[in-house]
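Asks:
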Amino acid sequence: MQDKDKNKLNVLRALLSQSLNASKTNSPIVTDMQMLALVRKNAAASKQAAAEFVEAGRQDLADKEAEQMRVMEEYIGEVKTVGEEEIRRVVGEVVEGLKAAGGKLQMGEVLKKVFSKEVLGEKNVERADVARIVKELLA
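Going by the working numbering, the sequence shown opens with residue 49, and the numbers climb by one from there.
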């Protein structure tokens, strides 16, 4: 913050404020993936706001939102998540294990097993990606 980057400072203050507010609710932010979801939500809101400002003829505000979105995208890109090939490998192993054990091959059962602490529970993984891959493998 010593370089006096106003946009970065405003983005960080907003994220800190939202994180603090979330800590006072029933679902506080405790994992990196929850924080990443918050940053992505803010980036999407900034993108929508920038589009609305352009539509309303307020290019100055649209530029401000675009700059804030760039800062958030920079932070989003720094978070390391599990790659798709590893997710496919793990989900394949879980599906084969359930088939061998004679267990149900329903999406909920597979997801429950995949997100258990022994498999992917402790890793930074996009739940939507895992659900999409499970759906593909069960189809």
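We put the beta carbon where it would ideally sit given N, CA and C, even for glycine.
Report yes or no: do three or more beta-carbon pairs, one from the region 169-183 and one from the region 135-144, lie closer than 8 Å?
Replies: Yes: at least three Cβ pairs fall under 8 Å.
Asks: Who are the near neighbours of V162 in its chain, counting only those whose CB is closer than 8 Å to its CB and skipping five residues on each side?
Replies: Correct list, in chain order: V138, V139, V142, L168, V178, V182.
Asks: Under 8 Å by Cβ, that's how I've got V59 and V119 pegged, so tell me the actual separation to the nearest angstrom.
Replies: Indeed, because the Cβ distance is near 5 Å, the residues count as touching under 8 Å.
Asks: Is DSSP giving V74 helix, strand or coil here?
Replies: For clarity, residue 74 is Asn in the given sequence; the question names Val instead. The answer is coil: DSSP assigns N74 none of H, G, I, E or B.
Asks: Is DSSP giving D111 helix, strand or coil here?
Replies: Of the three classes helix, strand and coil, the one that applies to D111 here is helix, per DSSP.
Asks: Are V87 and I135 closer than 8 Å when you measure CB to CB?
Replies: Contact: no.
Asks: Using the Cα positions of Q116 and S67, report the straight-line distance between them to the nearest angstrom.
Replies: For Q116 and S67, the distance between alpha carbons rounds to 17 Å.
Asks: Can you tell me whether V127 is buried or exposed? The criterion is at least 16 other CB atoms within 10 Å of its CB, across all chains shown.
Replies: The residue is exposed, with fewer than 16 neighbouring Cβ atoms inside 10 Å.
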